[in-house]
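A short worksheet on the structure shown next.
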Amino acid sequence: MSSKKCRGKNVEAKVASTFLKAKGAVNKELKQYLDRFHCGSAEKLAQKLPPDSIDTIVTSPPYFQQRDYGNPKQIGQEPTPEEYVASLVRVFTALKPAVKESGSIWIVLGDKYEKNRLLGMPWRFALALDDWILRSDCIWHKPNAMPSSVKTRPTTDHEYVFLFSKSAQYYYDADAIREPHVTFSENSKMRGGRNHFGKRGGTPEQGKNSGDLNLHDGRWDQAFHPLGRNKRTVWSIALSKFREAHFAVFPEQLVETCVLATCPLGGVVLDPFSGAGTTAVVAKRLGRHFVGFDCSAEYCQIARKRLNAIDVD
Ligand SMILES: C[S@@+](CC[C@H](N)C(=O)[O-])C[C@H]1O[C@@H](n2cnc3c(N)ncnc32)[C@H](O)[C@@H]1O
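If you want the working numbering, it's the position in the sequence shown, counting the first as 1, plus 1248.
This is how it looks when you write it as structure tokens:
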């Protein structure tokens, strides 16, 4: 072997070993946070996380002036919408270095009326977080929302679920969250139904289905994926029934969609406002690691108890 080649091999080996050591160091650093709940302010704890360690964030922060958690570190009791939005933005800005380039955030937010005027809090926040790329605004529709006595406007039965990515190229597994094709359901109004599958030119707008407003135009052989249609932006999911917490926990089904879409198997999901630990419960069940932050020691304790109670094969 020529000395030049030999030198090349040594350099390569050194780079690999340095890389592995660095990787080991990161993992070791991350290990102390992994699969645990940490009590403290989300913004402060965010700064301690090792860089490039989180695949996705799935969270539901306290809403504006909704619930006083009686904690000096809490977010949500700021006097103005602007200050509330600024507090939230600070948390997600602080978290950015810890998230991988391929990483993302799912954030569930509800709105608020002040003197009968809708404040538009979810959108104020979504537009303010311009350091991240806003990728989708999903609607969480609650079929079992509490009835209300309002008579001058519709009863609110939805919240927003925003998806942000750190970079343009981010991890998103569309196949993991596909939903059933509506047109091919039991109630399908399309004559010939599944025969359209995989057929070039199998467009229903001509022929015996023409004029059926239930059907869309276009190349059906491309539109109908065998695993189902691409996930839609309106998610109808009933409110959760976990009663130990003094606040509304978000439903496991909602968290499941987020985790499956943006965290690979064995990856790391963070909830910086982990409350009763719903994100962690789902992450564990789906074979992902989790990190939970909450400023309340009581809620961290509730979440630990809840997580220990679940069995995973
Ligand atoms: C709406 S709850 C989250 C519920 C959670 N998604 C679940 O399913 O259980 C919001 C949580 O944020 C916590 N919190 C409020 N301000 C915080 C802060 N600055 N840092 C960390 N946690 C905070 C509260 O203690 C509360 O547990």
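Every residue gets a Cβ at the ideal spot worked out from N, C-alpha and C, and that includes glycine. Just so you know, these numbers come straight off a predicted model, no measurement behind them.
To the nearest whole angstrom, what separates the beta carbons of residue i and residue j, a pair I think is in contact under 8 Å?
i       : j       : result
Leu1367 : Pro1329 : 6 Å
Leu1487 : Lys1390 : 5 Å
Ser1289 : Phe1521 : Ser1289 to Phe1521, Cβ: 11 Å. No contact.
Lys1414 : Val1347 : 5 Å
Arg1536 : Val1503 : Not confirmed; about 11 Å, so no contact.
Say yes only if the C-beta of residue i is nearer than 6 Å to one or more non-hydrogen atoms of ligand 1, and no if none qualify.
i       : result
Ala1557 : no
Ala1342 : no
Phe1498 : yes
Tyr1332 : no
Gly1523 : yes
Gln1322 : yes
Thr1505 : no
Thr1304 : no
Tyr1408 : no
Tyr1547 : yes
Between which two residues does the alpha helix (DSSP H) holding residue i run?
i       : result
Glu1546 : Ala1545 to Asn1556
Val1398 : Segment: none, Val1398 is in no alpha helix (DSSP H) and carries neither H nor E.
Trp1483 : Not the alpha helix (DSSP H): Trp1483 falls in the beta strand (DSSP E), residues Val1482 to Ser1484.
Starting from the Cα of residue i, find the closest Cα among the options and give me that residue.
i       : options                               : result
Lys1489 : Ala1524, Pro1520, Val1482 and Glu1546 : Ala1524
Ile1305 : Pro1345, Gly1288, Lys1363 and Ser1397 : Pro1345
Lys1276 : Ser1301, His1286 and Ala1557          : Ser1301
Leu1411 : Cys1386, Gly1535, His1429 and Arg1401 : Cys1386
Gly1318 : Ala1528, Ile1558, Ala1545 and Thr1526 : Ala1545
Arg1383 : Val1409, Phe1285 and Thr1403          : Val1409
Pro1310 : Arg1284, Val1333 and Asp1405          : Val1333
Ala1509 : Gln1295, Arg1554 and Ser1352          : Ser1352
Arg1477 : Phe1498, His1494 and Glu1427          : Glu1427
Gln1501 : Lys1363, Trp1380, Ser1484 and Lys1553 : Ser1484
Cys1287 : Gly1540, Trp1380, Asp1405 and Thr1526 : Gly1540
Gly1515 : Thr1505, Lys1532, Pro1499 and Arg1491 : Lys1532
Would you give the residue range spanned by the beta strand (DSSP E) that residue i belongs to?
i       : result
Glu1407 : His1406 to Ser1413
Phe1285 : Arg1284 to Cys1287
Thr1304 : Ile1302 to Thr1307
Glu1349 : Val1347 to Leu1357
Ser1384 : Ile1381 to His1389
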